[in-house]
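Participant:
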Amino acid sequence: MAVHLDFDLHVDVDVRVVGHTPQFGPSRHSSCGRRGVDASCGFDLPHFVRRSTLRDWLPSLRLVATFPDLDSCSRVTSFPARFPGLFAAQSFHSFAFPSPAFDTLYRETHPRSRMQEETRVEWRQWGADAFDEARDRGVPVLLSLSTTWCVDCHEMDATTYADPNVAANVNDRFVPVRVDADRRPRVRERYAAGGFPSTVFLTPEGELLSTATALAPDGMRQVLDRVAENYAEKGDDAGRVPRALSGDLPPAGEVDAAIEEQLAGQLDEKFDERFAGWGQNAKFPLARTVEFALKRERDQALRTLDAIRDHLHDEVAGGFFRYAGRQDWGDVHHAKLLDTNATLLRAFAHAYVYTGEEAYREPAESTVKFLTDDLWAGVAVGGSVGPGEGAEYWRKSAEERANDRSPRTDLTAYAGGNALAADGLLAYHGYTDDERAREYADRVLDYLERDLLEHGSVVHFRERGRTGPRDVLSDVAAVVGAFTRAEQTLGYGADVASTVADHAIETLHEDGSFRDGPAEGPGLLDRPLRPLDGNAAMANALVDLAALTGEESYREVARETVGAFAGASHRVGVQVAEYGTAASRLVHDPLTVAVADDPGSDLHRAALRIADHEKVVVPDADESVAPDLDRGTARVLGVDDPASDPEALMERVARLE
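The sequence shown begins at 47 in the working numbering and counts up one residue at a time.
The structure is reproduced here in structure tokens:
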């Protein structure tokens, strides 16, 4: 089945439509309009939208007049699954369409909406109303944490929650609440049971009664009876608060070389000599751990990247799968998540700058293509591509996939994931001069600044008039990191990074470390949580920002933040190796290169290619960073005499080794 859509356009820049355009013939990329020109164009969409079908023209649209016959496609279940996300991107100043038809379309086809309507459970939204209802009725809350890319989540909806007896039991004896874990990361961090789906039972005050993951109907019936009986007997006294939310501060200590040394020792202790990677069970592509190892145990890092490339990389469409279920990197779980791909893009780019080997550049290049093609949502990058039909689908060629049902795709543009994508794209551009990576990083940064940043506050996402949570620490750290990377690579971004960092320091930094978000909200959201990974990422971003701006206060906050956990640093595992990176860059100043020349000059490009991914490059450096530095020269901080050409710059860097 194909759907024909007609558009009346007024465009500010050249517009290209991918597909068959009757006005201009069957050209794959047909120009529909030029700057300031009104034009009408139409095109036939295939059974489902794929890859860059709408990518090229969507960011350029300023007016979309009408969809004249939207009702005709309201029941086309494959095509519109990507359709709603395109409008969520908010690249439009105005658009009009029959609202009832669009709402029907959204309900019947959007993957997140379908997940809720597949069940017989009367789900409530996360919020105070649900907990108030539980309190009024004197029953527990059943919290179901799921994601659009989770196979077991859809399976549990189709079996357990679709079972009439289970659904009636849930509706009568509990207040059921469904939460998309990607959309509410602070709920996820407090309540997830180690995987998805998470089946969590709470008191009306949000305290834990019982947790489980996926449950079959029989198992669910037993758990429902047990939890209901326990709560009827003990009431709220049956609840408990996790230790991480007890209010106790982590043990503080000195920021010294022992932190890095301990984590470097963990690399050796946990490394799998036979199959690579760290650990003896499921293998996750720990990108930040790989980056920590690149400067300390490079062979381990490169062997791990080899395994990730050989087992988790999609050679057909690019990008990386989420993880492998076995020690030998077998039993691959085929969802492709934005965060995973953005961080691996950067890790492979870093490996390339150390080795110069195409074996690391090529997977990075194909991941750029995946992020800017299959996962591109118009003005930013979407959240995930689901596993589809599993391994059988992913073994097929591009031509075979084109004739098959596409996996579910969530095109929600999340702040943190997009910031990580911009960071990775710019790192790759800095090492290779790849213009596609630079162009799309620029688009993402523009989207973040225009739509998701408000006076330093970071909004997790916006979609169809809805606004996600604000100032999630992982979002904030990624945004500061992305704009400091932009400052180093493109010559702008430090002012945005400073605004976001200042707001976070003022609102989230308390008792020496950062909370995961504002101490407010239902359940246990008002209890402070201080995640080590988020604090480590924020500390690293602040170290960069201090070097770029000359503001030592950022470095002092970073030191205080790392020190807040130092008393327990001996218990930190390789999964949070970025904590060791942050400590190292505070004990020993990172390699800093001040370039008194324009971004993109030969001297600046040479500085970006220095084989030290923890360095800081300051383009267009002024007196605040590099006093007495002549225009057209660069100085490696710690080396007195400046360099005037790339060869001399490399020689100055070698003096520090």
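Beta carbons are placed, not taken as given, at the ideal position from N, Cα and C, and that holds for glycine.
Tell me the start and end of each unbroken alpha helix (DSSP H) in the segment 531-597 that is at least 4 residues and wholly inside, in chain order.
Facilitator: Qualifying alpha helix (DSSP H) stretches, in chain order: 540-553, 578-595.
Participant: Measuring alpha carbon to alpha carbon, tell me which residue in 697, 487, 381 is nearest residue 370.
Facilitator: Along the sequence shown, one-based indexing puts residue 370 at 324. The residue with the shortest Cα to Cα distance from residue 370 is 381.
Participant: So residue 659 and residue 399 are in contact, right, with Cβ under 8 Å, and what is the actual spacing, rounded?
Facilitator: Taking the first residue of the sequence shown as 1, we reach residue 659 at position 613. Taking the first residue of the sequence shown as 1, we reach residue 399 at position 353. At roughly 7 Å, the Cβ-Cβ gap stays under 8 Å, so residue 659 and residue 399 are in contact.
Participant: Checking 8 Å against the spacing of the C-beta atoms, do residue 387 and residue 418 come in under that value?
Facilitator: Working through the sequence shown from its first residue, we reach residue 387 at position 341. Working through the sequence shown from its first residue, we reach residue 418 at position 372. No; because the gap between Cβ atoms is not below 8 Å, this pair is not in contact.
Participant: Just verifying my parser: in three-state terms, what is the DSSP assignment at residue 456?
Facilitator: The sequence position of residue 456 within the sequence shown is 410, counting from 1. Strand, per DSSP.
Participant: For residue 509, which beta-bridge partners are listed by DSSP?
Facilitator: Position 463 of the sequence shown holds residue 509. The partner list for residue 509 (beta bridge, DSSP) reads 512.
Participant: Name, in chain order, the residues that DSSP records as bridge partners for residue 287.
Facilitator: In the sequence shown, the residue the question calls residue 287 occupies position 241. Residue 287 pairs with nothing; no bridge assigned.
Participant: According to DSSP, is residue 525 part of a helix, a strand, or is it coil?
Facilitator: For the purposes of this step, residue 525 is taken as residue 479 along the sequence shown, with counting starting at 1. It is helical.
Participant: Can you tell me where the alpha helix (DSSP H) holding residue 248 begins and where it ends?
Facilitator: Here the question's residue 248 lines up with position 202 in the sequence shown. No alpha helix (DSSP H) holds residue 248; the beta strand (DSSP E) holding it covers 244-248.
Participant: Whole-angstrom Cβ separation of residue 623 and residue 334, contact assumed at under 8 Å?
Facilitator: Working through the sequence shown from its first residue, we reach residue 623 at position 577. Working through the sequence shown from its first residue, we reach residue 334 at position 288. That pair is a contact at about 6 Å.
Participant: Just how far apart, CA to CA, sit residue 253 and residue 557?
Facilitator: Numbered from 1 along the sequence shown, position 207 holds the residue referred to as residue 253. Numbered from 1 along the sequence shown, position 511 holds the residue referred to as residue 557. If I take the Cα positions, the gap works out to 24 Å.
Participant: Taking the DSSP output, what are the residues bridged to residue 670?
Facilitator: In the sequence shown, residue 670 corresponds to position 624, counting from 1. DSSP lists no partner for residue 670.
Participant: Cα-Cα, which of 654, 337, 454 is closest to residue 628?
Facilitator: Your numbering for residue 628 matches position 582 in the sequence shown. Residue 337 is the option with its Cα nearest to residue 628.
Participant: For residue 255 versus residue 269, is the C-beta distance shorter than 8 Å?
Facilitator: Locating residue 255 in the sequence shown gives position 209, counting from the first residue. Locating residue 269 in the sequence shown gives position 223, counting from the first residue. Their beta carbons are not under 8 Å apart, which means residue 255 does not touch residue 269 by this criterion.
Participant: Closest to residue 416 by C-alpha separation, out of 543, 391, 425, would be which residue?
Facilitator: Counted from its first residue, the sequence shown places residue 416 at position 370. The residue with the shortest Cα to Cα distance from residue 416 is 391.
Participant: Could you give the residue range of the alpha helix (DSSP H) that holds residue 695?
Facilitator: Counted from its first residue, the sequence shown places residue 695 at position 649. Residues 692-701.
Participant: Can we say the segment 632-650 touches the segment 313-322, given the rule of at least three CB pairs closer than 8 Å?
Facilitator: They do not touch, by the three-pair rule.
Participant: Taking the beta carbon of residue 651 as the centre, do at least 16 other beta carbons fall within 10 Å, making it buried, or is it exposed?
Facilitator: If you number the sequence shown from 1, residue 651 lands on position 605. Result: buried.
Participant: Let's test the definition: count the other Cβ atoms within 10 Å of the Cβ of residue 158 and tell me whether it reaches 16, buried, or not, exposed.
Facilitator: Residue 158 sits at position 112 when you count from the first residue of the sequence shown. Because the pLDDT at residue 158 is just 49, under 50, the model does not fix this residue reliably, and the point stays unresolved.
Participant: Could you check if residue 421 is buried or exposed, using at least 16 other CB atoms within 10 Å of its CB as the buried criterion?
Facilitator: Within the sequence shown, numbered from 1, the residue matching residue 421 stands at position 375. Residue 421 should be labelled buried.
Participant: Can we say the segment 570-584 touches the segment 516-529, given the rule of at least three CB pairs closer than 8 Å?
Facilitator: The segment 570-584 vs the segment 516-529: in contact.
Participant: What is the rounded straight-line gap between the Cα of residue 423 and the Cα of residue 430?
Facilitator: Indexing the sequence shown from 1 puts residue 423 at position 377. Indexing the sequence shown from 1 puts residue 430 at position 384. Rounded to whole angstroms, residue 423 to residue 430 spans 11 Å at the Cα level.
Participant: In terms of residue numbering, what span does the alpha helix (DSSP H) encompassing residue 344 cover?
Facilitator: As a working note, residue 344 is residue 298 in the sequence shown. 344-358 is the span of the alpha helix (DSSP H), which, as asked, contains residue 344.
Participant: Could you give the residue range of the beta strand (DSSP E) that holds residue 654?
Facilitator: On the sequence shown, position 608 is the one that residue 654 refers to. Looking at the DSSP string, residue 654 is not in any beta strand (DSSP E); the run it does join, the alpha helix (DSSP H), is 648-654.
Participant: Are the segment 469-477 and the segment 525-539 in contact at 8 Å, needing three or more beta carbon pairs?
Facilitator: Output reads yes: the segment 525-539 touches the segment 469-477.
Participant: What's the gap between the Cα of residue 502 and the Cα of residue 282?
Facilitator: The sequence position of residue 502 within the sequence shown is 456, counting from 1. The sequence position of residue 282 within the sequence shown is 236, counting from 1. About 39 Å.
Participant: Going by C-alpha to C-alpha distance, which of 672, 261, 235 sits closest to residue 289?
Facilitator: Numbered from its first residue, the sequence shown carries residue 289 at position 243. Among 672, 261, 235, the Cα nearest to that of residue 289 is on 235.
Participant: Between the alpha carbons of residue 686 and residue 531, how many angstroms are there, rounded?
Facilitator: Your numbering for residue 686 matches position 640 in the sequence shown. Your numbering for residue 531 matches position 485 in the sequence shown. Residue 686 and residue 531: Cα-Cα distance of roughly 26 Å.
Participant: Bridge partners of residue 500, per DSSP?
Facilitator: Taking the first residue of the sequence shown as 1, we reach residue 500 at position 454. BP columns for residue 500 point to 503.
Participant: Among 343, 357, 303, 312, which one has its Cα closest to the Cα of residue 328?
Facilitator: As a first step, residue 328 is located in the sequence shown; it is residue number 282 there, counting from the start. Closest option to residue 328, Cα to Cα, is 357.
Participant: So, at 8 Å on beta carbons, what are the nonlocal neighbours of residue 444 in its own chain, with the 5 sequence-adjacent residues on each side left out?
Facilitator: Residue 444 sits at position 398 when you count from the first residue of the sequence shown. Result list for residue 444: 362, 363, in chain order.
Participant: Using CA coordinates, which residue listed in 315, 436, 397, 646 is at the minimum distance from residue 360?
Facilitator: For this step, residue 360 is matched to residue 314 along the sequence shown. Of 315, 436, 397, 646, the residue nearest in Cα terms is 436.
Participant: DSSP on residue 188, reduced to helix/strand/coil?
Facilitator: To locate residue 188, count along the sequence shown from 1; it is residue 142. Residue state, collapsed to three classes: strand.
Participant: Roughly how many angstroms lie between the CA atoms of residue 661 and residue 572, to the nearest whole one?
Facilitator: The residue given as residue 661 occupies position 615 in the sequence shown. The residue given as residue 572 occupies position 526 in the sequence shown. Their Cα atoms are separated by approximately 38 Å.
Participant: Looking at C-alpha atoms only, which residue of 355, 448, 648, 189 is the closest neighbour of residue 409?
Facilitator: Mapped onto the sequence shown, residue 409 falls at position 363. Closest option to residue 409, Cα to Cα, is 355.
Participant: Would you report the Cα separation of residue 566 and residue 225, rounded to the nearest angstrom?
Facilitator: Along the sequence shown, read from residue 1 onward, the residue named residue 566 stands at position 520. Along the sequence shown, read from residue 1 onward, the residue named residue 225 stands at position 179. About 17 Å.
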